[in-house]
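J.:
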Amino acid sequence: MATFREQQVRFAFDQDVPRVNRVVRERQLEVVGGVPLDEWARPSRCPGWSVHDVVRHVAQMNEMVVGVAAAARVGERYHRARRFDPRTTPSEWLAEAPAADPEETLAAYVQSTGAVVEAGGALGADVLVGTPVGLQVWPRMVLHALFDAVVHERDVTEPLGRSAPAIPEQLPVVAYVLLVAARVA
């Protein structure tokens, strides 16, 4: 059983997730939006994926987060999360998606990022949602998706020499990843 202090830390940590999600994602909009569209065909750090492919993937993952929140509101599990395998599903989703030019992808990324920011605070800290790794409280789902977006931001910017500096709001994302790694270990 968690101590009172552990419960307080968890509550404060989970309550801060919507703000962290908003600040980091707004910064990402600036960073990704600052990459000239003629550079989107260049390779990213993800083997076989261009910068354009990575941005498309992040937009798709944003849509999944919004879908998870919408499904949770009606007591269901989001259908696209049921068979999600991080090793294969992202590539399958990209292959299945209609072709898009960089302008369309940027617009979808901007729209989906705004939707994730809005959804970030849509559910309470104790609401369980169905994720690819099972049931988790909503703030952990948001942090996991934010971790994915932070990693892919670097996948886009590093090869282009455009890395954005880390910001303090990324610390809860790093803490989440360390907690997951410790649990796996």
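In terms of the working numbering, the sequence shown is numbered consecutively and its last residue is 199. Positions of the beta carbon are idealized from the N, C-alpha and C atoms, including for glycine.
1) Using the beta-carbon count (16 or more within 10 Å), is A121 buried or exposed?
2) Within the chosen definition, does the region 172-191 reach the region 108-118 through at least 3 CB pairs nearer than 8 Å?
3) Could you check the C-alpha separation between P61 and V72 for me, to the nearest Å?
4) So the candidates are D67, L160, H166, P57; which of them puts its Cα closest to the Cα of Y190?
5) Counting only runs that start and end within the region 43-69, where is the beta strand (DSSP E) found for 3 or more residues in a row?
6) Can you tell me the Cβ-Cβ gap for A163 and R56, rounded? I've got them flagged as a contact below 8 Å.
7) Taking its Cβ as the centre, do 16 or more other Cβ atoms sit within 10 Å of D67, making it buried, or is it exposed?
8) Who are the near neighbours of S126 in its chain, counting only those whose CB is closer than 6 Å to its CB and skipping five residues on each side?
9) For a test of the three-state rule: what should DSSP assign to L137, helix, strand or coil?
10) Leaving aside the five residues before and after V34 along the sequence, list all residues of the same chain whose C-beta is less than 6 Å from its C-beta, in chain order.
11) Assign P100 to one of two classes, buried (16 or more other C-beta atoms within 10 Å of its C-beta) or exposed (fewer than that).
12) Alpha carbon to alpha carbon, how far is P50 from T145? Give it in angstroms, no decimals.
13) List, from N- to C-terminal side, the alpha helix (DSSP H) runs of 4 residues or more that fit wholly inside the region 107-166.
T.: This is what the structure holds:
1) Mapped onto the sequence shown, residue 121 falls at position 107. For A121, the number of other beta carbons within 10 angstroms of its own is below 16, and it is reported as exposed.
2) A contact is defined here as three or more CB-CB pairs under 8 Å, and the region 172-191 fails this definition with respect to the region 108-118.
3) As a working note, residue 61 is residue 47 in the sequence shown. As a working note, residue 72 is residue 58 in the sequence shown. Between P61 and V72, the C-alpha separation is close to 16 Å.
4) Here residue 190 is taken as the residue at index 176 of the sequence shown, counted from 1. Ranking D67, L160, H166, P57 by Cα distance to Y190 puts L160 first.
5) Correct list: empty.
6) Start at 1 with the first residue of the sequence shown, and residue 163 comes out as number 149. Start at 1 with the first residue of the sequence shown, and residue 56 comes out as number 42. With a Cβ gap of about 20 Å, A163 and R56 do not count as contacting.
7) Reading the sequence shown from its first residue, position 53 is the one you call residue 67. Burial call: buried.
8) Counting from 1 along the sequence shown, the entry for residue 126 is found at position 112. Around S126: A73, N76, E77.
9) In the sequence shown, counting from the first residue as 1, residue 137 sits at position 123. Of the three classes helix, strand and coil, the one that applies to L137 here is coil, per DSSP.
10) Indexing the sequence shown from 1 puts residue 34 at position 20. Around V34: E183, P186.
11) Your numbering for residue 100 matches position 86 in the sequence shown. Burial state of P100 is exposed, judged by a 10 Å Cβ sphere holding fewer than 16 other Cβ atoms.
12) By 1-based counting over the sequence shown, the position of residue 145 is 131. By 1-based counting over the sequence shown, the position of residue 50 is 36. Computed Cα separation, rounded: 34 Å.
13) Along the length of the region 107-166, whole alpha helix (DSSP H) runs at least 4 residues long occupy 116-134, reported in chain order.
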